[in-house]
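> First residue of the sequence shown: 16, per our numbering; consecutive thereafter.
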Amino acid sequence: MSYEYGTFANYSPRGSSELAVKSRKACGAIKAGRVDVIGSAVPHLQDAKADILRPFLGPDVTLVPVPRSAPLPEGALWPAKVICDVLHGQGFGQEVQPYLRRTRAVPRSSNSLAAERPLVPVHMESIEAERPFFVPDKITIVDDVLTMGRTSFACAELLREVCPNTEIRIFAMIRTQGLQNDIEKIVDPATGIIVGYPSGKTHRDP
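(1) Taking Ala245 as part of the beta strand (DSSP E), name the residues at either end of that continuous run.
(2) To which residues of the same chain is Thr53 closer than 6 Å at the C-beta, ignoring the five residues directly before and after it?
(3) To the nearest angstrom, how far is the alpha carbon of Asp152 from that of Ile67?
(4) Looking only at C-alpha atoms, which of Gly164, Lys200 and Thr181 sits nearest to Arg219?
(5) Helix or strand or just coil, what does DSSP make of Lys153?
(6) Rounded to a whole number of angstroms, what is the C-alpha to C-alpha distance between Leu78 and Glu143?
(7) Please list the terminal residues of the continuous alpha helix (DSSP H) segment that includes Val57.
(8) By a C-beta neighbour count over all protein chains shown, 10 Å radius and 16 as the cutoff for buried, is Leu92 buried or exposed?
(9) What is the rounded straight-line gap between the Cα of Pro86 and the Cα of Pro94?
(10) Can at least three beta-carbon pairs, one atom from the stretch 157-176 and one from the stretch 184-204, be found at a separation below 8 Å?
(11) What does the alpha-carbon distance come out to for the pair Leu115 and Pro82?
(12) Using C-beta distances below 6 Å, list every residue in its chain close to Phe186, excluding the 5 sequence neighbours before and after it, in chain order.
(13) If you follow the beta strand (DSSP E) that Asp203 is part of, which residue opens it and which one closes it?
(14) Assuming Ser38 is part of the alpha helix (DSSP H), what are its boundary residues?
(15) In whole angstroms, give me the CA-to-CA distance for Ile45 and Ser214.
(16) Is Met188 helix, strand or coil when you go by DSSP?
(17) Between Asn25 and Asp203, how many whole angstroms is the CB-CB distance? I'm expecting something under 8 Å.
(18) Just reading off the beta strand (DSSP E) that Ser17 is part of, what are its end residues?
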């Protein structure tokens, strides 16, 4: 199975250039749910250069935030939900629906070595998907940072089980740079495909 993904920006986890360092700060601000930083993306998303992201954020799309790595205490920060709310408040998507809920904690991908990051089945076993009363025609799963895409892929699979006829895509505010250490620009709208394998691993292309 595979899902189309779109991202707004790009960051370098290890690059040493001034731009790479700046990209990591931007990534940190997005992960921290900084409304000002997330909101600063809106003019760029409204620009023609971001037209490739319209299928992900169009007026007929339901935005569904990716759960955090652990069950969410009342009033706790939920960065993906903040992103959904900011974007919807600026005219992206027709509604925000928290159809996904983490029922037990899994290791945070950002704190794990690549070989130790949870596989797709681990995510699926720790997340519940609510079947909507009115099933949307289009859903975009929204995350803060996209690395390998296992969490988002698991969310897409769970929603596909309860909404089998719905178009499901994945969107993240920022993605990790591939094998190259440094980057040429931070704001860099792009799309690609996340492929899932029986092993529970995923491949993000590009």
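Note that beta-carbon positions come from the ideal geometry of N, C-alpha and C, so glycine has one too.
Concretely, from the data shown:
(1) A query on residue 245 cannot be resolved here, the shown segment of the chain reaching from 16 to 221 and no further.
(2) Taking the sequence shown and counting its residues from 1, the one referred to as residue 53 is at position 38. Sequence inspection shows Ile at residue 53; the Thr mentioned does not correspond to that position. Within the same chain, Ile53 has close Cβ partners Ile98 and Val101.
(3) One-based indexing of the sequence shown puts residue 152 at position 137. One-based indexing of the sequence shown puts residue 67 at position 52. Rounded to the nearest whole angstrom, the CA to CA distance from Asp152 to Ile67 is 19 Å.
(4) If you number the sequence shown from 1, residue 219 lands on position 204. Ranking Gly164, Lys200 and Thr181 by Cα distance to Arg219 puts Gly164 first.
(5) Along the sequence shown, one-based indexing puts residue 153 at 138. Strand at Lys153.
(6) One-based indexing of the sequence shown puts residue 78 at position 63. One-based indexing of the sequence shown puts residue 143 at position 128. If you take the alpha carbons of Leu78 and Glu143, they lie about 17 Å apart.
(7) Position 42 of the sequence shown, counted from the start, is the residue given in the question as residue 57. Note, Val57: alpha helix (DSSP H), Val57 to Leu60.
(8) Within the sequence shown, numbered from 1, the residue matching residue 92 stands at position 77. Exposed: under 16 other Cβ atoms inside 10 Å.
(9) Here residue 86 corresponds to residue number 71 of the sequence shown, with the count starting at 1. Here residue 94 corresponds to residue number 79 of the sequence shown, with the count starting at 1. Looking at the two C-alpha atoms, the distance is approximately 14 Å.
(10) yes
(11) Against the sequence shown, residue 115 aligns to sequence position 100. Against the sequence shown, residue 82 aligns to sequence position 67. Roughly 6 Å between the two C-alpha positions.
(12) For this step, residue 186 is matched to residue 171 along the sequence shown. For Phe186, where only same-chain residues beyond five positions count, the Cβ hits under 6 Å are Gly21, Phe71, Thr155 and Val157.
(13) On the sequence shown, position 188 is the one that residue 203 refers to. Per DSSP, Asp203 belongs to the beta strand (DSSP E) from Val202 to Gly211.
(14) In the sequence shown, the residue the question calls residue 38 occupies position 23. Note, Ser38: alpha helix (DSSP H), Glu33 to Lys46.
(15) The residue labelled residue 45 in the question sits at position 30 within the sequence shown. The residue labelled residue 214 in the question sits at position 199 within the sequence shown. Computed Cα separation, rounded: 30 Å.
(16) Indexing the sequence shown from 1 puts residue 188 at position 173. Met188: strand per DSSP, three-state reduction.
(17) Locating residue 25 in the sequence shown gives position 10, where the first residue counts as 1. Locating residue 203 in the sequence shown gives position 188, where the first residue counts as 1. About 4 Å separates the CB atoms of Asn25 and Asp203; that is less than 8 Å, so the two are in contact.
(18) For the purposes of this step, residue 17 is identified with residue 2 of the sequence shown, where counting begins at 1. Here the beta strand (DSSP E) through Ser17 covers Ser17 to Tyr26.
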